[in-house]
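Numbering (my numbering), first residue to last: 2 to 87. Built from N, CA and C at the ideal position, the CB exists for glycine as well. Structure record follows, encoded as structure tokens.
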Amino acid sequence: MEKVSVKVCLGTTCFVMGSANLQELIEIVPQKYGEKVDVSGVPCLGLCSTDWEFSKAPYVKVDNDVIKEATVEKVLHAIDEKLAKK
Numbered sequence: 002m003e004k005v006s007v008k009v010c011l012g013t014t015c016f017v018m019g020s021a022n023l024q025e026l027i028e029i030v031p032q033k034y035g036e037k038v039d040v041s042g043v044p045c046l047g048l049c050s051t052d053w054e055f056s057k058a059p060y061v062k063v064d065n066d067v068i069k070e071a072t073v074e075k076v077l078h079a080i081d082e083k084l085a086k087k
């Protein structure tokens, strides 16, 4: 089974807008999903710069799907959906 990839943006805008709270995913995800999911922080996904005025930071990518205004709950739900399809 191919692993689900989770990338948490830790760029300045995302960090200020709440991605600091998403760092708990680094603890939760391995406990909940084991080896099925890889989670990591990335310096910047570059997503807020494409539409700065209407930025929906913080951003997280689950595989190729972008989660806007990400919360731990939204990310876990997206992972559950991805794993159900695999």
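Exercise for the section: With distances taken Cα to Cα, identify the nearest neighbour of E70 among F16, V5, E28. Expected result: F16
Handout entry: Proximity to K57 [Cα-Cα], best of E25, L46, D39
Key = L46
Handout entry: 6 Å Cβ shell around P44 - same chain, five flanking residues per side excluded
Key = none
Practice task
Taking the CB atoms as reference points, tell me whether V9 and G42 lie closer together than 8 Å.
Solution key: yes
Exercise for the section: Return yes when the Cβ of V63 is within less than 8 Å of the Cβ of I80, no when it is not. Expected result: yes
Exercise for the section: Report the rounded CA-to-CA distance for I68 versus T13, giving the unit in angstroms. Expected result: 17 Å
Problem - Residue range of the beta strand (DSSP E) that includes K62 - result: 61-63
Problem - For L11 and L48, the rounded distance between their alpha carbons - result: 12 Å
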